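Take 75 as the starting number for the sequence shown in my numbering and just add one per residue. C-beta: ideal position from N, C-alpha, C; glycine also. Because the structure is a prediction, the values reported are computed rather than measured.
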Amino acid sequence: MDMFTADDKVAQWESALLPLRGAERLPLLLPLAWHLRQRDTRRALAFATEALALLPDSSLPDSSLPDPEHASQVARMHLVHAEGKWLDGHLDDAQARATDVLRRFAALDDRAGCADSHWLLAWIAVDQGKHGASDAALAAGAAQARLGGDMLRAELADAARARWAVLVKRNSAVAQWGGQFNAHTRVADPALATWVNDFLALAASQTGDFGAAAGYFIGCYECALESGQLRAAIIAATNIGEDFTLLGDHHSALEWMQRALELARPTGWPRSVGACLMHTADTLRRLGQLDPAHDLLQEALTILKPLAGARSYAIALQYLGDLSLDQGDFDAALNAFTRLEARADVLGQSDFHSIARRGQAHALGRLGRADEALAVAAQAVAISVADDNPHNQIAALRVMAMVHSQHPRHGLPAPEGMTEPNAALHYLVQALALAATIEGYTVPGDLYDAMAREYAAAGDFRRAYEVAMAGSLARETTHSQEATNHAIAMQVHHQTEHARNEGHHHRELAASEARRAEVLARTSATLERLSTIGQEITAHLDAAAVFSALDRHIHGLLTASTFAIYMTDPAHTELQRAFGVELGQALPPHAIALTHPSAYAVRALLERREIYIAHWPDCEHQQVVPDTLVNMSALFVPLTAGERAIGVMTVQAPQSHAYGENERMIFRTLCAYGAIALDNADAYRQLQDAQAQLVSQQKLAALGALMAGVAHELNTPIGNSLLIASTMQEKTSEIETLMNGRGLRRSELAAFVADSQKAAALVMRGLTSAADLVNSFKQVAVDRTTEQRRFFNLQQVCHEIIATMMNRIRAADHRIEMDVPDTIGMDSYPGPFGQVITNFIANALLHGFAPGVSGTMRLSAALTGEARVQVRFADDGVGIPSEHLGRIFDPFFTTKLGQGGSGLGLSISYNIVSSLLGGQIGVNSGLNNADSAGTCFTLDLPLRAPEQAPDAGSIY
75 MDMFTADDKV AQWESALLPL RGAERLPLLL PLAWHLRQRD TRRALAFATE ALALLPDSSL
135 PDSSLPDPEH ASQVARMHLV HAEGKWLDGH LDDAQARATD VLRRFAALDD RAGCADSHWL
195 LAWIAVDQGK HGASDAALAA GAAQARLGGD MLRAELADAA RARWAVLVKR NSAVAQWGGQ
255 FNAHTRVADP ALATWVNDFL ALAASQTGDF GAAAGYFIGC YECALESGQL RAAIIAATNI
315 GEDFTLLGDH HSALEWMQRA LELARPTGWP RSVGACLMHT ADTLRRLGQL DPAHDLLQEA
375 LTILKPLAGA RSYAIALQYL GDLSLDQGDF DAALNAFTRL EARADVLGQS DFHSIARRGQ
435 AHALGRLGRA DEALAVAAQA VAISVADDNP HNQIAALRVM AMVHSQHPRH GLPAPEGMTE
495 PNAALHYLVQ ALALAATIEG YTVPGDLYDA MAREYAAAGD FRRAYEVAMA GSLARETTHS
555 QEATNHAIAM QVHHQTEHAR NEGHHHRELA ASEARRAEVL ARTSATLERL STIGQEITAH
615 LDAAAVFSAL DRHIHGLLTA STFAIYMTDP AHTELQRAFG VELGQALPPH AIALTHPSAY
675 AVRALLERRE IYIAHWPDCE HQQVVPDTLV NMSALFVPLT AGERAIGVMT VQAPQSHAYG
735 ENERMIFRTL CAYGAIALDN ADAYRQLQDA QAQLVSQQKL AALGALMAGV AHELNTPIGN
795 SLLIASTMQE KTSEIETLMN GRGLRRSELA AFVADSQKAA ALVMRGLTSA ADLVNSFKQV
855 AVDRTTEQRR FFNLQQVCHE IIATMMNRIR AADHRIEMDV PDTIGMDSYP GPFGQVITNF
915 IANALLHGFA PGVSGTMRLS AALTGEARVQ VRFADDGVGI PSEHLGRIFD PFFTTKLGQG
975 GSGLGLSISY NIVSSLLGGQ IGVNSGLNNA DSAGTCFTLD LPLRAPEQAP DAGSIY
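Have a look at this one:
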């Protein structure tokens, strides 16, 4: 992720984020949180918090991040929070957080993350006044960036180092960094250009070239705003104001100060707000408005107090000292410059040392403490000489002259090597000689005036006159310089405005081209997104699911207070509201007759065209459907499937002109997808109804076949019993005749008894067989029709099932074997289980054997593990071709359509096994395995079937 980015990208991300919900927001939350961290800190923190909630945290003990990229993303969101703490002035908390994030990035070997953490730690150190630590952090960041091959991040850190180095030792900094960053450096990236311009501006300011400095600062300001570095932009704006003040253009200075303050105030960042206030106060001081300047300066110091270690706080102390001197409050001035000296020791910036001692000397001199003033002023001169800063040296020499001039009888020691009439002149002459060595420096007229007064006091009126004339000439030169400064300021304004206008023109051209490209891209993206939405909508085969999907996407893409779908009734006499939502609440059912003379929905349907009402006339509001909103704009689009109009969709909004061409295109597209999906859903419903009817017929046919088989099985034992009973009836009549006639012999009675015993045994055997068949039929019939769950013995149920099918098996000249232990008990559904086995047997009889060839079927079962049983049904028939094997469980697939096959038997079996019985079904065919013949179905079932919902319907 880039360290900084342009406003255009951020705007694109924000626009793309709006319609997204939940986890799909994450890819945009991450860059937005990062790049809004100074543009809009509060929103950045909110986005970072939301992103962290969607990302796992590697710091948690039970965390299991899928990859290092997610861990880096988590760390970066924590870095956003650390930067928020820094900007709010909570420096210790910010430092602790940034250090922890640096540790995370280092563990992940994320070089860019390490560089960004060092960058933040550097600026925290700046506000803490630890400029050595800041430079070390920037150097470490540059090293990490170079190790990661990120030269832009490395140059950013280098430019920031150069910026601070120029404030410590200007010439050394220019010698070190001037080759890398100079006026001829072409910097395309606005983030880097911010700091390069800042470095060049400060370097120009140090030499008194305030016009060039202002130009560079303006470039810094504009690039900082473009790249989202708001704090840098605020600092640049205040520096621009400062340079215009030094150029004498106080009006422009105050404009830039106000611009900086307008940027800083909404943020609430103490460092930025305080800096703006103190620079504005100094400008007001120079304009002579001392009381307003004092009020602003006190407010700035209060705001900056938590950042007392920062350079900005030291500058505020300097301004307070200067203001106190102008106000004549020398005790306050001495206090301010003494505090500045303490801050200079911490900061290690020599310019503050010189300024602090010079200010102290000025205040001490005014307070009558001449000896102390002279000693402190001498220290200021020494520091200026060591720093090679002639401007500060001249100012310190003039303070020394002032002390001697104000206290001529104080007995102050004369300076060594003095050749002038008095000490004041000695220092003033030194200052004048030093000024002559500064290229382009104009000696101020008041320096000559001070020398003239001293010569006059010493009685050297000729020399006093000469110096006074030189002062007059200097004032003319100063006025000329001021005019030049004004001209420079105007030139900077002109160049800036010209560059800004030219840049604005180019940006407008680029924006125009970008808008054209964006329209094309947006149209393409919209079509692509609508295509994805269309795939989702048309994937549903349930009308309610289609309604829900349409409602979700309509409200996500369009302004819609009311959304409704009307479908034609079967008789095609009216439109019935199948779905309706208004302000999130479901609308009640409603119907519109197709003969309605003015209903827009009816017109759209009958005329097969879109109707758009941009502004609903007030006179038509009386025709609004009762208990619904009064909307001001509406769209009605017919739902057409081929040549058929099946309904109407409408979307309505409370404001006029809610739907432009793009919105209408979106709605038309959604209507087209909706029509297809609803027509498919209706066809699927009809198919389900037909399938349910076929399944019901299949069940009834199976029960009919079961009854026919049982009736045939009962015919033999009952017929035999009836024949024996009729024979016994005849023999009983013969015995009765003998008894009533000649008499009954013992041998005849014995024969009758023997025949009776044989007949009774045969009758009992036949009737017992019939009773068993009847009992089996009763249990199987109950199980099949009720789907009752009960505990049963698997062997007994298998025996009953086979018994009901024996007639068909024998009639086809086949046989069946059963090998099921009587120790297997199941808590399941015997009826559906029997349906599966019956379907296997029927399938084998219909498809499994070649015509005229007798075959064998085998039903076996065995426990395979804890609480599971494997049931196998095999035949030695012709097998199943490989091209059919993968489709045998599909509904309506059969190779004997019209020859007794419906194509539902095995499909029903599959549903029963996988859903109701909670098991698995498999098939193997001998056609695909040379080691076996025929077909084998395998059921892997739990001994205890899973619980079914009380309202669960039949699955077969």
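Can you tell me whether MET543 is helix, strand or coil according to DSSP? As a position in the sequence shown, residue 543 is number 469, starting the count at 1. The answer is helix: DSSP assigns MET543 an H, G or I state.
Just the C-alpha distance for GLN147 and GLY187, rounded to the nearest angstrom, thanks. Looking up residue 147 in the sequence shown gives position 73. Looking up residue 187 in the sequence shown gives position 113. So the two alpha carbons sit approximately 9 Å from each other.
Return helix, strand or coil for MET723, following the three-state DSSP convention. Here residue 723 refers to the residue found at position 649 when the sequence shown is read from its first residue. MET723 falls in the strand class under three-state DSSP.
To the nearest angstrom, report how far apart ARG961 and GLN909 are at their CA atoms. Locating residue 961 in the sequence shown gives position 887, counting from the first residue. Locating residue 909 in the sequence shown gives position 835, counting from the first residue. A direct Cα-Cα distance of roughly 20 Å separates ARG961 from GLN909.
Whole-angstrom distance between SER301 and ALA247, CA atom to CA atom: For the purposes of this step, residue 247 is taken as the residue at position 173 of the sequence shown. For the purposes of this step, residue 301 is taken as the residue at position 227 of the sequence shown. Going by C-alpha positions, ALA247 is about 26 Å away from SER301.
In its own chain, which residues sit with a C-beta less than 8 Å from the C-beta of ALA90, not counting the 5 before and 5 after it? The sequence position of residue 90 within the sequence shown is 16, counting from 1. Apart from sequence neighbours up to five positions away, the residues of its chain that approach ALA90 with a beta-carbon distance below 8 Å are LEU102, ordered along the chain.
Would VAL945 pass as a contact of ILE982 if the rule is Cβ separation under 9 Å? Position 871 of the sequence shown, counting from 1, holds the residue named residue 945. Position 908 of the sequence shown, counting from 1, holds the residue named residue 982. The Cβ-Cβ distance between VAL945 and ILE982 does not fall below 9 Å.
Where the alpha helix (DSSP H) through PHE426 begins and ends: Here residue 426 refers to the residue found at position 352 of the sequence shown. Per DSSP, PHE426 belongs to the alpha helix (DSSP H) from 424-440.
CB contact flag (MET77, ARG227, <9 Å): On the sequence shown, position 3 is the one that residue 77 refers to. On the sequence shown, position 153 is the one that residue 227 refers to. Result yes, Cβ atoms of MET77 and ARG227 sit closer than 9 Å.
VAL655: first and last residue of the uninterrupted alpha helix (DSSP H) it sits in: For this step, residue 655 is matched to residue 581 along the sequence shown. VAL655: not part of any alpha helix (DSSP H); member of the beta strand (DSSP E) spanning 648-656, first to last residue.
Rounded separation between ALA428 and ILE457 - CA only: Here residue 428 corresponds to residue number 354 of the sequence shown, with the count starting at 1. Here residue 457 corresponds to residue number 383 of the sequence shown, with the count starting at 1. The amino acid at residue 428 is misidentified as Ala; the sequence shows Ser. When rounded, the distance between both Cα atoms is 6 Å.
Who are ASP893's beta bridge partners in DSSP? The residue labelled residue 893 in the question sits at position 819 within the sequence shown. Its beta-bridge partners are SER934.
Within the same chain, show all residues whose beta-carbon is closer than 6 Å to that of ALA542, passing over the 5 residues directly before and after it, in chain order. Here residue 542 refers to the residue found at position 468 of the sequence shown. If you ignore the 5 residues before and after ALA542, its C-beta comes within less than 6 Å of the C-beta of ALA526, all in its own chain and listed in chain order.
Residue closest to TYR686, alpha-carbon to alpha-carbon, out of ALA732, ASN867 and GLY721: Translated into positions along the sequence shown, residue 686 becomes position 612. Closest in C-alpha terms to TYR686, from the list ALA732, ASN867 and GLY721, comes ALA732.
Just to confirm before moving on: does the CB-CB distance between PHE637 and VAL725 stay below 9 Å? By 1-based counting over the sequence shown, the position of residue 637 is 563. By 1-based counting over the sequence shown, the position of residue 725 is 651. With a cutoff of 9 Å on beta-carbon distance, PHE637 and VAL725 are scored as near each other.
Exposed or buried, which one is TYR539 when buried takes at least 16 other CB atoms within 10 Å? Residue 539 sits at position 465 when you count from the first residue of the sequence shown. Per the 10 Å Cβ criterion, exposed.
Can you give me the Cβ contacts of ASP534 inside the same chain, cut-off strictly under 7 Å, excluding the 5 residues immediately before and after it? Position 460 of the sequence shown holds residue 534. Cβ neighbours of ASP534 beyond the five flanking positions: PRO495.
Could you check if GLU316 is buried or exposed, using at least 16 other CB atoms within 10 Å of its CB as the buried criterion? As a first step, residue 316 must be located in the sequence shown, where it is residue number 242. Burial call: buried.
Taking one C-beta from the segment 287-306 and one from the segment 334-346 each time, how about it: are there three or more such pairs within less than 8 Å? At 8 Å Cβ cutoff, the stretches touch.
Three-state class that DSSP yields for ALA660 in the structure shown: To locate residue 660, count along the sequence shown from 1; it is residue 586. ALA660: strand per DSSP, three-state reduction.
If you compare alpha carbons, which of ALA355, ARG942 and THR412 is closest to GLN332? Counting from 1 along the sequence shown, the entry for residue 332 is found at position 258. That would be ALA355, whose Cα lies nearest to the Cα of GLN332.
Counting beta carbon pairs with one atom in the segment 637-651 and one in the segment 716-725, are three or more of them shorter than 8 Å? Taking 8 Å as the limit for Cβ pairs, the verdict is that the segment 637-651 does touch the segment 716-725.
Nearest-angstrom Cα separation, counted from THR897 out to ALA1019: To locate residue 1019, count along the sequence shown from 1; it is residue 945. To locate residue 897, count along the sequence shown from 1; it is residue 823. Spanning the alpha carbons of ALA1019 and THR897 requires a straight line of approximately 18 Å.
Do you know how far the Cα of LEU632 is from the Cα of ASN736? Start at 1 with the first residue of the sequence shown, and residue 736 comes out as number 662. Start at 1 with the first residue of the sequence shown, and residue 632 comes out as number 558. ASN736 and LEU632: Cα-Cα distance of roughly 10 Å.
Would you call the segment 928-941 in contact with the segment 983-994, where contact means no fewer than 3 C-beta pairs closer than 8 Å? Here the segment 928-941 does not lie against the segment 983-994, with fewer than 3 beta-carbon pairs under 8 Å apart.
Taking all protein chains shown into account, do 16 or more other C-beta atoms lie within 10 angstroms of the C-beta of LYS204, making it buried, or fewer, making it exposed? As a first step, residue 204 must be located in the sequence shown, where it is residue number 130. Around the CB of LYS204, 16 or more other CB atoms lie within 10 Å, so the residue is classed as buried.
Segment contact, 8 Å Cβ cut-off, at least three pairs: the segment 432-448 with the segment 416-424: No: fewer than three Cβ pairs fall under 8 Å.
What are the boundary residues of the alpha helix (DSSP H) that includes PHE121? Here the question's residue 121 lines up with position 47 in the sequence shown. For PHE121, the uninterrupted alpha helix (DSSP H) segment begins and ends at 115-128.
Can you name the start and end residues of the beta strand (DSSP E) that ILE666 belongs to? Residue numbering aside, residue 666 sits at position 592 when the sequence shown is read from its first letter. Per DSSP, ILE666 belongs to the beta strand (DSSP E) from 665-667.
Could you give the DSSP three-state label for GLN453: helix, strand or coil? On the sequence shown, residue 453 is found 379 positions in, with the first residue counted as 1. Helix.
Measuring only the C-alpha atoms, how far is LYS805 from LYS832? Here residue 805 refers to the residue found at position 731 of the sequence shown. Here residue 832 refers to the residue found at position 758 of the sequence shown. When rounded, the distance between both Cα atoms is 13 Å.
Within its chain, find whatever has a CB closer than 8 Å to the CB of VAL503; leave out the 5 residues flanking it on each side and keep chain order. To locate residue 503, count along the sequence shown from 1; it is residue 429. Taking VAL503 as the centre and dropping the five residues before and after it, the same chain places the C-beta of GLU494 and MET525 closer than 8 Å to its C-beta, in chain order.
Please tell me whether LEU351 and LEU371 are closer than 9 Å, where the distance is taken between their beta carbons. In the sequence shown, counting from the first residue as 1, residue 351 sits at position 277. In the sequence shown, counting from the first residue as 1, residue 371 sits at position 297. Yes, these two residues count as a Cβ contact at 9 Å.
Applying the criterion that 16 or more other CB atoms from any shown protein chain within 10 Å of the CB defines a buried residue, is ALA828 buried or exposed? For the purposes of this step, residue 828 is taken as the residue at position 754 of the sequence shown. With a threshold of 16 other beta carbon atoms within 10 Å, ALA828 falls short and is exposed.
My output table needs one value for VAL856: the three-state DSSP class, helix, strand or coil. On the sequence shown, residue 856 is found 782 positions in, with the first residue counted as 1. Reliability fails at VAL856, whose pLDDT of 46 lies under 50, so the model's placement of it is uncertain and no value is given.
Beta bridge counterpart(s) of TYR1051 as assigned by DSSP: In the structure displayed, the chain extends from 75 to 1030; residue 1051 sits before or after that span and is not available.
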